[in-house]
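Peer 1: Questions regarding the structure given below will be posed in turn.
In my numbering, the protein residues as written are 371 to 809.
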């Protein structure tokens with residue numbers, strides 16, 4: 371009984387962990403579930419958003435194809451920045467055994483839901499799902515203890531946005547810029563930063579240190595992985611010896627050095643890149659839509675992550691929301707069929723084009739590559755070549771917070787000059803909470 375309590379507590383901590391908010395917390399439910407083969411799905415967005423409209427199109431297609439056999443009914447429960455809406459409803463449903471047949475969950479939370487037996491492994495249902503076509507990052511984030519529990523229905527990535535005009539003025543030629551096949555090393559990146567600082571007397575890049583949230587974990591773990599380090603072991607049970615490994619510490623040293631040398635800053639000018647003050651910005655795929663809609667005069671491109679000088683290995687971050695089957699559902703075949711449908715090639719195309727997100731399948735990438743911008747194509751290719759999901763660990767919210775704090779500590783280099791000491795302290799913190807959650 372005590373073990374079950376701690377499992378539920380772990381999931382409660384997950385559903386209260388907010389990555390980003392949506393202002394509207396109203397709910398909209400379709401017709402009630404009455405018949406065998408009917409399944410209820412909970413999603414974390416509004417039906418009025420581009421994501422909601424794309425989702426409903428996919429659901430309508432499913433219901434048409436399986437008419438008379440299965441019927442999917444969606445309840446739209448938008449998230450709120452204060453933890454209300456979706457998180458509250460899932461939390462309450464977990465404690466009262468009243469979850470729907472299918473629910474959405476954020477990528478890094480797979481382990482907590484799986485460990486608490488909230489969601490059902492999908493492996494037995496995927497023989498006809500063409501999993502070889504699915505991006506490695508989607509498999510990574512949905513897998514716990516060698517079982518596949520949650521299927522991502524969209525993908526994301528991060529790159530180095532750069533101002534073409536500011537680069538040209540600083541004498542940095544386009545044909546000398548890094549590519550996915552030949553990325554820049556950390557030292558080469560610093561050389562470019564120095565040229566830009568010398569030219570403009572401002573930081574060369576906003577790496578979003580001021581965000582102080584999940585963006586830090588999402589965007590900075592690739593530096594550690596590129597250097598051969600890690601946050602936790604593959605099983606998600608050990609942080610000591612991994613996050614405080616010298617290889618991981620060297621990656622945080624790289625970030626600290628960017629602040630030390632004035633290449634980036636803890637206190638960036640708001641919209642500094644968008645308004646032409648900073649030559650570079652570290653940001654995600656969602657930034658493309660904002661730039662194209664609100665900063666149409668900005669001539670920009672996207673460059674790959676800088677890579678470790680030791681390994682030369684390109685690693686980029688990935689992760690998004692997934693669909694999973696409740697372990698309590700009485701409609702396992704219908705639920706599994708729906709999950710496979712919402713993640714097939716055509717559904718991925720609808721979601722990617724409708725919501726301006728990256729696809730989850732290689733076949734979808736091939737299908738839409740001529741229908742998206744050059745920048746979106748770049749990030750899709752980067753996902754294929756180097757995408758890496760965040761750590762799958764039961765205590766993810768606490769591990770992520772410790773990671774974020776380590777970045778903040780390293781960035782204030784005068785107060786915290788010893789990076790190895792920083793990772794030692796926070797690796798111990800991570801280990802304690804992992805051990806507690808796994809008891």
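A virtual CB, placed ideally from N, CA and C, is assigned to each residue, including glycine.
Under the DSSP definition of a beta bridge, which residues are partnered with residue 758?
Peer 2: Translated into the one-based positions of the chain shown, residue 758 becomes position 388. According to DSSP, residue 758 bridges with 687.
Peer 1: Once you ignore the five residues that flank residue 715 on each side, which residues in its own chain have a CB closer than 6 Å to its CB?
Peer 2: Taking the chain shown and counting its residues from 1, the one referred to as residue 715 is at position 345. Answer for residue 715: 731, 733 and 734, listed in chain order.
Peer 1: If you draw a straight line from the C-alpha of residue 541 to the C-alpha of residue 745, how long is it?
Peer 2: Taking the chain shown and counting its residues from 1, one reaches residue 541 at position 171. Taking the chain shown and counting its residues from 1, one reaches residue 745 at position 375. Distance between the alpha carbons of residue 541 and residue 745 is about 23 Å.
Peer 1: Three Cβ pairs or more, each shorter than 8 Å: is that satisfied between the region 685-694 and the region 520-529?
Peer 2: Yes, since at least three Cβ pairs between the region 685-694 and the region 520-529 fall closer than 8 Å, the two stretches touch.
Peer 1: Got a sec? Which residues, its chain only, sit under 7 Å from residue 783 by beta carbon, not counting five neighbours each side?
Peer 2: In the chain shown, residue 783 corresponds to position 413, counting from 1. Hits under 7 Å: 626, 629 and 630.
Peer 1: Can you tell me whether DSSP reads residue 641 as helix, strand or coil?
Peer 2: The residue you call residue 641 lines up with position 271 of the chain shown. Reduced to three states, the DSSP call for residue 641 is coil.
Peer 1: Return helix, strand or coil for residue 613, following the three-state DSSP convention.
Peer 2: For this step, residue 613 is matched to residue 243 along the chain shown. Three-state DSSP puts residue 613 in coil, outside helix and strand.
Peer 1: Run through the DSSP bridge pairs and tell me what residue 692 is partnered with.
Peer 2: Position 322 of the chain shown holds residue 692. Residue 692 is bridged to 475 and 522.
Peer 1: Indicate the three-state DSSP secondary structure (helix, strand or coil) for residue 408 in the structure shown.
Peer 2: As a first step, residue 408 must be located in the chain shown, where it is residue number 38. Residue 408 falls in the strand class under three-state DSSP.
Peer 1: Could you compute how far the alpha carbon of residue 752 sits from the alpha carbon of residue 509?
Peer 2: Working through the chain shown from its first residue, we reach residue 752 at position 382. Working through the chain shown from its first residue, we reach residue 509 at position 139. Their backbone Cα atoms lie some 16 Å apart in a straight line.
Peer 1: List in chain order: all unbroken alpha helix (DSSP H) runs of 4+ residues lying wholly within the region 717-759.
Peer 2: The qualifying runs are 732-738 and 744-756.
Peer 1: Exposed or buried, which one is residue 512 when buried takes at least 16 other CB atoms within 10 Å?
Peer 2: Taking the first residue of the chain shown as 1, we reach residue 512 at position 142. Buried, by the Cβ-count rule.
Peer 1: If you reduce the DSSP assignment to three classes, tell me which class residue 440 lands in.
Peer 2: Translated into positions along the chain shown, residue 440 becomes position 70. Three-state result, residue 440: coil.
Peer 1: Considering only residues of the same chain and omitting the five flanking positions on each side of residue 399, which have a CB-CB separation below 6 Å?
Peer 2: As a working note, residue 399 is residue 29 in the chain shown. Any reading at residue 399 must be qualified, since the residue scores a pLDDT of 44, below 50, and its modelled position is unreliable; the value itself is stated next. Excluding residues within five positions, the ones whose Cβ falls inside 6 Å are 445.
Peer 1: Using DSSP with H/G/I as helix, E/B as strand and the rest coil, what is residue 490?
Peer 2: In the chain shown, the residue the question calls residue 490 occupies position 120. It is a strand residue.
Peer 1: Can you tell me where the alpha helix (DSSP H) holding residue 456 begins and where it ends?
Peer 2: Numbered from its first residue, the chain shown carries residue 456 at position 86. Run containing residue 456: 456-466, per the alpha helix (DSSP H) assignment.
Peer 1: According to DSSP, is residue 672 helix, strand or coil?
Peer 2: Here residue 672 is taken as the residue at index 302 of the chain shown, counted from 1. Three-state DSSP puts residue 672 in a strand.
Peer 1: Quick test of your reading: residue 671 and residue 532, contact by CB under 8 Å. State the CB separation rounded to the nearest angstrom.
Peer 2: Position 301 of the chain shown, counted from the start, is the residue given in the question as residue 671. Position 162 of the chain shown, counted from the start, is the residue given in the question as residue 532. Yes, residue 671 and residue 532 are in contact; Cβ-Cβ is about 6 Å, under 8 Å.
Peer 1: Over the uninterrupted beta strand (DSSP E) stretch that includes residue 697, give me the two end residues.
Peer 2: Translated into positions along the chain shown, residue 697 becomes position 327. Segment: none, residue 697 is in no beta strand (DSSP E) and carries neither H nor E.
Peer 1: With DSSP as the reference, label residue 715 as helix, strand or coil.
Peer 2: One-based indexing of the chain shown puts residue 715 at position 345. Three-state DSSP puts residue 715 in a helix.
Peer 1: So, do the region 570-580 and the region 637-648 have three or more beta carbon pairs nearer to each other than 8 Å?
Peer 2: Yes, the region 570-580 is in contact with the region 637-648.
Peer 1: How far does the beta strand (DSSP E) with residue 815 in it reach, from first residue to last?
Peer 2: What the structure shows of the chain is the stretch from 371 to 809, and residue 815 is not part of that stretch, so it cannot be assessed.
Peer 1: Using a Cβ-Cβ cut-off of 8 Å (strictly less than) and excluding sequence neighbours within five positions of residue 669, which residues of its own chain qualify?
Peer 2: For this step, residue 669 is matched to residue 299 along the chain shown. Closer than 8 Å at Cβ, skipping near neighbours: 533, 534 and 535.
Peer 1: Residue 359 and residue 728: beta carbons closer than 8 Å?
Peer 2: This structure does not reach residue 359, given that the chain is present from 371 up to 809, and the question cannot be answered.
Peer 1: What is the rounded straight-line gap between the Cα of residue 793 and the Cα of residue 478?
Peer 2: As a working mapping, residue 793 is identified with position 423 in the chain shown. As a working mapping, residue 478 is identified with position 108 in the chain shown. Roughly 21 Å between the two C-alpha positions.
Peer 1: Report yes or no: do three or more beta-carbon pairs, one from the region 769-789 and one from the region 700-718, lie closer than 8 Å?
Peer 2: Segments in contact, no.
Peer 1: Name the two residues that bound the continuous alpha helix (DSSP H) containing residue 789.
Peer 2: Residue numbering aside, residue 789 sits at position 419 when the chain shown is read from its first letter. Looking at the DSSP string, the run of the alpha helix (DSSP H) that includes residue 789 is 789-808.
Peer 1: Please say whether residue 520 and residue 480 have beta carbons closer to each other than 8 Å?
Peer 2: For the purposes of this step, residue 480 is identified with residue 110 of the chain shown, where counting begins at 1. For the purposes of this step, residue 520 is identified with residue 150 of the chain shown, where counting begins at 1. Closer than 8 Å, so yes.
Peer 1: So residue 648 and residue 567 are in contact, right, with Cβ under 8 Å, and what is the actual spacing, rounded?
Peer 2: If you number the chain shown from 1, residue 648 lands on position 278. If you number the chain shown from 1, residue 567 lands on position 197. At roughly 11 Å, the Cβ-Cβ gap does not stay under 8 Å, so residue 648 and residue 567 are not in contact.
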